[in-house]
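This report refers to the structure that appears directly beneath it.
Numbering (mature numbering (1 follows the signal peptide of the UniProt record, and there is no 0)), first residue to last: -22 to -1, 1 to 649.
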């Protein structure tokens, strides 16, 4: 196999070690390896839940931390326990990190006792104890460029920085989220960009993820101290603890609008894990209470807003992604900051016919759609979109499948696809209508009405179709509903981004940062993250080809990064998988959760035909997790206790009633 070939290359010629390492890291995670991934070993030694895992840089050591307040250092390649020590903590350990450039001698731990401890593994002693936090410490972060420095995130809302060169046993506050978000905010996770250690990402309460420039913050603090008025503290000073430009916010575009609904259902949104891609250009977030999101830090885009073209062909010329004649139109064009009308007159190019193999994939997707296999249809359309990213028909068809499935976030992904289809073909009939329906489902009722009116004007033969009439009735009922008067959901204004309580009231600076948030690039669905707030998601592979995440159902999920398609589900724990840490060089994965063991996974030999850990029905597992995420908290508790809740249906959860039942072919059927 390729795995043995990689190992043999490394062993054959030490003089070629550098080239072999490059080859190894480039090919260490491949599709065949993912398909053969299975359980290699279980490392036993802890007596409580294993809440954190950490590889050293070389990948020959693995550290774990547990509820038993012990940390263990393993030789994972030989399945041996090398060292076990009590950390001095008096509560559950949530984070463990090797200090860079310490020869794997210094280990840092953070725990629920609000303490951060530094340990010297060579003498099995705790050499520093920091007690500056006032609530549970959830994550530690380190950076190669800062060998004596590390950071902590805790539920007191503070990000603290430590410098072991200082004689003082204290830390300094780098970021105080309570100055922006009120006293109830909790910091849950943080990570440093591996390619530029000046950038720190922080996850906390709520749907927003924050990216900070550490260097700007330090320079700002120095200038404040050197200022002649440094000793004078004013209200304005307290409101500006960070310099302009030192923070960027990221959020899935539909979540601020959904937040009131989630709060009413006691469904908490909180970022439980953040991590950068190996090249530092992408940020991955496991959003508790929702899905896994990937943000592109290079080609940023604002949350998608509604803006239609002013001119269009007649409906007979261009519809549903197909062009019968060339023409001229003002269309929507995608820029880094969303959709905007193009100025002047732009040519609409005819849709290029799909090559035969993609046409077959599209037909397979259409057949899956006809059989109401929504997820299968979405995955097939996504596979085709990756190969033909400028085909409007594929985006329009995938939008229809999203709208039918109705999982959390599906209507927003459908809206994105509709806008993309319209940008490629401004007169895509079905995309226009589906856009109006998506806006309505996302509670942008006034925009939905404007969109529907525009649709009727562009396609008058559809103006009195059953689909238009049904949507028109829904929109007008919503507009005149008393319940809708209590909450203004129109547009991207501050109302939908502002907290409502007194203790969680947010500052004007926070309002501005939220309004400037950037949207996600990809979304990964199937897992469930509602029970624990330490659940991880990681890139897998040196080129970040895959995404892995733990889940409340005891499984871990593997997706293709670029297509977002789910490709593998494995049972990793009897209860919940929280931690997944890929090996830095091999196709080797360490996982842990509620069970008091660490599990190691790698590609199994082809001779092993049975793998009892494989979840064959990935679609069934994903649907069950959607139901779990949308269940009443009491029902979830009963489910965890083994009771069956008959009120949970087997259909797609998290959406509204079937809005397509009375609608005509304008929406329901793919092109």
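All C-beta atoms in this analysis are idealised placements derived from N, C-alpha and C, irrespective of residue type, glycine included.
Computed from a predicted structure; not experimentally measured.
Report the option in the options whose CA atom is closest to the CA atom of residue i.
| i | options | result |
| --- | --- | --- |
| residue 564 | 555, 596 and 518 | 518 |
| residue 578 | 561, 142 and 403 | 561 |
| residue 90 | 115, 430 and 79 | 115 |
| residue 655 | 141, 278 and 234 | Coverage of the chain is limited to positions -22 through 649, which leaves residue 655 absent and any answer about it impossible. |
| residue 227 | 494, 405, 593 and 503 | 494 |
| residue 158 | 220, 169 and 34 | 220 |
| residue 46 | 56, 72 and 33 | 72 |
| residue 258 | 112, 165, 169 and 113 | 169 |
| residue 540 | 426, 162, 198 and 365 | 365 |
| residue 399 | 376, 346 and 570 | 376 |
| residue 38 | 25, 59, 26 and 27 | 59 |
| residue 135 | 192, 162, 568 and 338 | 162 |
| residue 275 | 336, 515 and 189 | 189 |
| residue 505 | 223, 559, 602 and 13 | 602 |
| residue 108 | 151, 396, 502 and 30 | 151 |
| residue 452 | 416, 436 and 167 | 416 |
| residue 229 | 542, 252, 223 and 421 | 252 |
| residue 537 | 491, 597, 574 and 575 | 597 |
| residue 338 | 351, 359, 280 and 254 | 359 |
| residue 263 | 515, 102 and 237 | 515 |
Residues in the same chain with beta-carbon distance under 6 Å from residue i, minus the five sequence neighbours each way, listed in chain order, please.
| i | result |
| --- | --- |
| residue 105 | 96 and 98 |
| residue 142 | 126 |
| residue 599 | 547 and 593 |
| residue 34 | 76 and 82 |
| residue 354 | 346 |
| residue 78 | 120, 122 and 125 |
Which term fits residue i, buried or exposed, when burial requires 16 or more other beta carbons within 10 angstroms of its beta carbon?
| i | result |
| --- | --- |
| residue 442 | exposed |
| residue 334 | exposed |
| residue 583 | exposed |
| residue 528 | buried |
| residue 265 | buried |
| residue 533 | buried |
| residue 648 | buried |
| residue 140 | buried |
| residue 406 | buried |
| residue 361 | buried |
| residue 148 | exposed |
| residue 100 | exposed |
| residue 56 | exposed |
Put residue i into one of helix, strand or coil per three-state DSSP.
| i | result |
| --- | --- |
| residue 259 | coil |
| residue 138 | strand |
| residue 387 | coil |
| residue 124 | coil |
| residue 559 | strand |
| residue 293 | Caution is warranted here: a pLDDT of 38 is assigned to residue 293, below 50, making its placement in the model unreliable, and the coordinate value is therefore given only provisionally. Residue 293: coil per DSSP, three-state reduction. |
| residue 401 | helix |
| residue 24 | coil |
| residue 609 | coil |
| residue 366 | coil |
| residue 204 | helix |
| residue 501 | strand |
| residue 649 | coil |
| residue 597 | helix |
| residue 435 | helix |
| residue 580 | strand |
| residue 651 | Nothing about residue 651 can be read from this structure; the chain reaches only from -22 to 649. |
| residue 492 | helix |
| residue 169 | strand |
| residue 373 | helix |
| residue 75 | strand |
Keeping to the same chain, check which residues put their C-beta closer than 7 Å to that of residue i; ignore five residues upstream and five downstream.
| i | result |
| --- | --- |
| residue 17 | 577, 579 and 591 |
| residue 256 | 172, 517, 520 and 522 |
| residue 154 | 135, 136 and 219 |
| residue 290 | Interpretation of residue 290 is limited by its pLDDT of 47, a score under 50 that renders its predicted location unreliable; the figure taken from the coordinates is listed afterwards. For residue 290, where only same-chain residues beyond five positions count, the Cβ hits under 7 Å are 307, 404, 405 and 436. |
| residue 48 | 24, 62, 63, 64 and 65 |
Compare the C-beta of residue i with all C-beta atoms of chain C and state if any pair is closer than 8 Å.
| i | result |
| --- | --- |
| residue 442 | In the displayed structure, chain C is absent; only one protein chain is listed. |
Under 8 Å Cβ to Cβ from residue i, same chain only, skipping five residues before and after it: list those, please.
| i | result |
| --- | --- |
| residue 174 | 258 |
| residue 195 | 152, 153, 220, 221 and 224 |
| query | Is the stretch 47 to 55 touching the stretch 7 to 14 in the sense that three or more CB pairs, one from each, lie closer than 8 Å? | reply | no
| contact_flag[the stretch 172 to 181, the stretch 485 to 493] where n(CB pairs < 8 Å) is 3 or more | no
| said: Under 8 Å, with one C-beta from each stretch per pair, do the stretch 363 to 372 and the stretch 551 to 558 reach the 3-pair mark? | reply: no
| Counting Cβ pairs closer than 8 Å, one from the stretch 267 to 278 and one from the stretch 385 to 400, do we hit at least three? | yes
| request: Specify whether the stretch 31 to 48 and the stretch 61 to 81 touch according to this definition: at least 3 beta carbon pairs, one from each stretch, less than 8 Å apart. | output: yes
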